[in-house]
Amino acid sequence: MNFPEKTEAYWDRVTPTLTHPLSAEAQAQPVSLPTQNLQQLDEEVQEKAGQHILQLLVNQLAAQSDKEKRLYFHIWRLLYEELAKKTSLKMWIHVLPADTRQPDHPLEQHLSISTAIADALPNPAFLVFFLGPVQEFIAAARRTQNLRMGSWILFYHPSP
Numbered sequence: 236m237n238f239p240e241k242t243e244a245y246w247d248r249v250t251p252t253l254t255h256p257l258s259a260e261a262q263a264q265p266v267s268l269p270t271q272n273l274q275q276l277d278e279e280v281q282e283k284a285g286q287h288i289l290q291l292l293v294n295q296l297a298a299q300s301d302k303e304k305r306l307y308f309h310i311w312r313l314l315y316e317e318l319a320k321k322t323s324l325k326m327w328i329h330v331l332p333a334d335t336r337q338p339d340h341p342l343e344q345h346l347s348i349s350t351a352i353a354d355a356l357p358n359p360a361f362l363v364f365f366l367g368p369v370q371e372f373i374a375a376a377r378r379t380q381n382l383r384m385g386s387w388i389l390f391y392h393p394s395p
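Following my numbering, the numbering of the sequence shown begins with 236 at its first residue and continues without gaps.
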């Protein structure tokens, strides 16, 4: 997306709010970010991520034969949980926007999707499908495993 030049977001001049995307009424909830300045917060997150989380994972997995894959998986799976525990952002780390100019998805989700696409290079692809009537889809399950997988697909499949 091409944004106009010099487009900026001011987190310190306007009170940021989060609005639940599924609510019938748009009820904004004020977000209270940590009171320290944002430069200090950024340095804190980088320090905690680098020294206390990533280095610990590298040390734990150094002796394993498939250490790169295991390290990648551990970072992908645990980094944001550990940052939430060890920084002053706490659980707000899960809702920080990927881009402040258009905050329609969290940074954590953006990085996860970007990593998946980069891992699939040079031939990444997306699978898009649509499920028709839900009752027929569920009724078509002949085994418990199929019913469970069908329920999982329905749960995670966004409505059009």
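A virtual CB, placed ideally from N, CA and C, is assigned to each residue, including glycine. Small disclaimer: the values here were computed from a predicted structure and weren't measured.
Presumed contact (8 angstroms Cβ cut-off) between residue i and residue j, rounded CB distance
| i | j | result |
| --- | --- | --- |
| Val-280 | Leu-313 | So it is not a contact: roughly 15 angstroms between Cβ atoms. |
| Leu-292 | Ile-310 | 6 angstroms |
Pairwise C-alpha distance: residue j and residue i
| i | j | result |
| --- | --- | --- |
| Gln-370 | Leu-382 | 11 angstroms |
| Pro-338 | Gln-344 | 12 angstroms |
| Leu-362 | Lys-320 | 35 angstroms |
| Gln-274 | Ala-284 | 15 angstroms |
| Tyr-315 | Gln-295 | 18 angstroms |
| Glu-240 | Ala-297 | 45 angstroms |
| Glu-282 | Leu-318 | 10 angstroms |
| Ala-353 | Ala-376 | 35 angstroms |
| Asn-182 | Gln-380 | The requested residue 182 is not part of the displayed model; the chain covers only 236 to 395. |
| Arg-305 | Gln-290 | 14 angstroms |
| Ile-348 | Ser-300 | 27 angstroms |
| Ala-360 | Glu-278 | 36 angstroms |
| Ala-355 | Glu-303 | 17 angstroms |
Close beta carbons around residue i, own chain, < 6 angstroms, minus the five adjacent residues each side
| i | result |
| --- | --- |
| Ala-333 | His-340, Leu-342 and His-345 |
| Phe-308 | none |
| Met-326 | Ala-319 |
Cβ neighbours of residue i in the same chain (closer than 7 angstroms, five flanking residues each side left out)
| i | result |
| --- | --- |
| His-287 | Lys-321 |
Neighbourhood of residue i by C-beta distance below 8 angstroms, restricted to the same chain and skipping five residues each side
| i | result |
| --- | --- |
| Thr-350 | Trp-311 |
| Ile-373 | Leu-382, Gly-385, Ser-386 and Leu-389 |
| Arg-378 | none |
| His-329 | Tyr-315, Ala-319, Pro-341 and Glu-343 |
Residue i at chain D interface by Cβ criterion, 9 angstroms
| i | result |
| --- | --- |
| Leu-342 | Annotation note: the requested chain D is absent from the structure, which comprises a single protein chain. |
**Study point:** Completely contained alpha helix (DSSP H) runs for the stretch 316-365, where each covers 4 or more residues
**Key:** 342-355
**Study point:** 3-residue-minimum beta strand (DSSP E) runs that sit fully inside the stretch 276-310, ordered along the chain
**Key:** none
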